[in-house]
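**Student:** Sharing a structure with you now.
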Amino acid sequence: MSLTLRLILGDQLNPQHSWFNDVQPDVVYVLMEIRQETDYVLHHAQKVLAIFAAMRAFAAALKESGHRVRYVRIGDPSNRQSLTDNLDALIRHYQASSFAYQAPDEYRLDQQLSEWAHRQQALGLTVTCVDSEHFFSDRRAVTSLFGERRQWLMEHFYRHMRRQHQVLMSPDGQPEGERWNFDSDNRQAWRGSPQAPADWRGSHDHRALWQEIEAAGIQTFGEPDAHQLRWPVHRAEALQHLDSFVTHALPWFGTYQDAMSQTHQRLFHSLLSFALNTKMLNPREVVRRAEQAWTDGHAPLSSVEGFIRQILGWREYVRGVYWAHMPGYAERNALQHDRPLPDWFWTGDTGMACVSVAIRQSLNTAYAHHIQRLMVIGNFALLAGLAPQAVHRWYLGVYADAFEWVEVPNTLGMSQFADGGLLATKPYVGSASYVHRMSDHCGHCTYRRQDRIGLQACPFNALYWDFHMRHATHLRSNPRLSMVYKNLDRMTVSEREAVETQARAILLKLDTL
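When we follow our numbering, the leftmost residue of the sequence shown carries the number 2, and every step to the right adds one.
Given below as structure tokens:
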């Protein structure tokens, strides 16, 4: 009997894939835990734990459904710790005549498997690559839409996707509510009311798995929390999380999606991105559930549109940008920033309250919401001129939901402006006034948000103005920054010199801020 091996990667845990419609005795599904994937960047302990636990649960479910499964554990003596080395051994072991895999979402894996497949085909193995059946659009959809245009805009792509998939569209072809975008309604700070929902996620005891990971010599960082890990490990659990989010948080998500709190880490965010990015959840069902909540009168249009834009718009868009500009995108550094990460990126021990909360939360839970990532940690990194590749590796490692296709454009493009403005139309930077407007952090801070100069002045303030002075040649012509440079030009020479002096002093003591 000729036999087919089908590979399932750790972010392809989709039980609804057409592969699994029928039980085929001549098909063996292969999943593997390998050092190649744990070691290419230093990962958060919870990220490794959650992915391995979800992979094991997925393999068990396939077996229970009657499918043949070969699961390679991290500590198995036969594990060669390399994707293609293991595949070579398994092809020989099963004397397989054909091999199939779902298209990877990361460029490095796509290239590795493509090159391996080419060699194997030359030796007579039949190799097939199929779609993961997950995304709304294909890899090249963004490139096809924009073609040779110099400026790509997510908003244009988002409207195209809304029309194409008839999401929040009225029968006459117009957006529901006669607006495409409700951003202006969704920028309020949270002052304690309405009450933020409790974490609806259950917990898992993965101490035995954690012992296996440690025994294998895998290096991680962050708090493993192995006795009560909260990330979902199977689709049914992820669906419960989706239901809880729609019920308890979606009505207020839009209004407070940019808000930050000293004491409430998630507020009204969904924490569904890990389940989405490992494909336990399909973006179509998530969008449908949100849209239905508006139709049923459970959630306002502004909240539903804001949430759907993140999934149907931004998530699909950054994937398209990634595939349009790889390889090479991850190495871009348009502003030539090169400072190393301060030591407190690994501890959270800084007097800046907003940064400390965001980093400690990231280290403790492998999670921070998008404003913490963009306008606190990323904002400081950009203002301070930290090396974008170092920032990228930290983001890719620290967050449970971070896979390169979504993390690289968000970090290097949106957050660090390292692509020179391809993804973001301006650098997303702000002074202490932004943090104060969107949070209660400043009231708990060592530094004074009102001060630009002095020992107790918030570092964000001088660094903000110094950033625009340092990069004036590159940024002054940007129409979205015209007001910034008008305000900068109003400063006296002595004021600008004082800012530069303050910024230099800050940059010399980054580790002790």
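Quick reminder that beta carbons are idealized off the backbone N, C-alpha and C, glycines included.
1. If you drop the 5 nearest sequence neighbours on each side, which residues of the same chain put their C-beta closer than 6 angstroms to that of GLU405?
2. Does PRO284 come out as helix, strand or coil in the three-state DSSP assignment?
3. Is GLN266 buried or exposed, if buried means 16 or more other CB atoms sit within 10 Å of its CB?
4. Label SER1 either buried or exposed according to how many other C-beta atoms from any shown protein chain fall within 10 Å of its C-beta, with 16 as the threshold for buried.
5. Looking at the secondary structure, which residues open and close the alpha helix (DSSP H) in which ARG491 lies?
6. By alpha-carbon positions, which one of TRP153, SER99, ARG140 ends up nearest to LEU124?
7. When we look at the beta-carbon of ILE454 and count the other beta-carbons within 10 Å, is it buried (16 or more) or exposed?
8. Considering just the uninterrupted stretch of the beta strand (DSSP E) at CYS130, what are its terminal residues?
9. Per DSSP, what kind of secondary structure is PRO460 in: helix, strand or coil?
10. Looking only at its chain, what residues have a beta carbon closer than 7 angstroms to the beta carbon of LEU424, apart from the 5 residues adjacent to it on each side?
11. Quick test of the definition: if touching needs 3 or more C-beta pairs under 8 angstroms, does the region 34 to 46 touch the region 72 to 86?
12. For the 8 angstroms Cβ check, are there 3 or more pairs between the region 15 to 26 and the region 128 to 137?
13. Nearest by alpha-carbon distance to MET170: which of GLY255, LEU302, GLY11, PRO233 is it?
14. Measuring only the C-alpha atoms, how far is GLN229 from ALA199?
15. Touch check for the region 458 to 477 and the region 282 to 298: three-plus C-beta pairs under 8 angstroms?
16. When you compare only the Cα positions, how much space is there between HIS475 and HIS326?
17. Please tell me whether MET492 and TYR435 are closer than 8 angstroms, where the distance is taken between their beta carbons.
18. Could you give the residue range of the alpha helix (DSSP H) that holds ARG497?
19. Could you pull out every unbroken alpha helix (DSSP H) segment of at least 4 residues lying fully inside the region 324 to 392, listed in chain order?
20. Count the other C-beta atoms from every protein chain shown that fall within 10 angstroms of the C-beta of ASN87, then say buried if there are 16 or more, exposed otherwise.
21. For VAL500 and ALA506, what's the separation of their Cα atoms in angstroms?
22. How many Å lie between VAL168 and TYR318 at the Cα?
23. For the alpha helix (DSSP H) that contains HIS175, what are its first and last residues?
**Tutor:** Based on what the coordinates show:
1. Take GLU405, set aside five residues on each side of it, and the residues of its chain with a beta-carbon closer than 6 angstroms to its own are GLU107, in chain order.
2. PRO284: helix per DSSP, three-state reduction.
3. Buried.
4. Residue 1 lies beyond the range of the chain shown here (2 to 514); nothing can be said about it.
5. Unbroken alpha helix (DSSP H) run through ARG491: 483 to 491.
6. Among TRP153, SER99, ARG140, the Cα nearest to that of LEU124 is on SER99.
7. Label assigned to ILE454: exposed.
8. Note, CYS130: beta strand (DSSP E), 127 to 131.
9. Taken through DSSP and simplified to helix, strand or coil, PRO460 comes out as helix.
10. Same-chain partners within the cutoff: VAL322, PRO410, GLY414, MET415.
11. Judged by Cβ distances under 8 angstroms, the region 34 to 46 makes contact with the region 72 to 86, as three or more pairs qualify.
12. These segments touch.
13. Ranking the options by Cα distance to MET170, first place goes to LEU302.
14. Roughly 16 angstroms separates the two Cα atoms.
15. Because the criterion of three Cβ pairs below 8 angstroms is not met, the region 458 to 477 and the region 282 to 298 do not touch.
16. Approximately 22 angstroms, taken between the alpha carbons.
17. Against a cut-off of 8 angstroms, the Cβ pair of TYR435 and MET492 comes out as no contact.
18. Looking at the DSSP string, the run of the alpha helix (DSSP H) that includes ARG497 is 494 to 509.
19. Within the region 324 to 392, the complete alpha helix (DSSP H) runs of at least 4 residues fall at 354 to 366, 380 to 385.
20. Buried, because 16 or more other Cβ atoms sit within 10 Å of the Cβ of ASN87.
21. If I take the Cα positions, the gap works out to 10 angstroms.
22. The alpha-carbon of VAL168 is positioned some 16 angstroms away from that of TYR318.
23. It is worth fixing the name first, because residue 175 is Gln in this sequence and not His. Unbroken run through GLN175: none, as it is neither H nor E.
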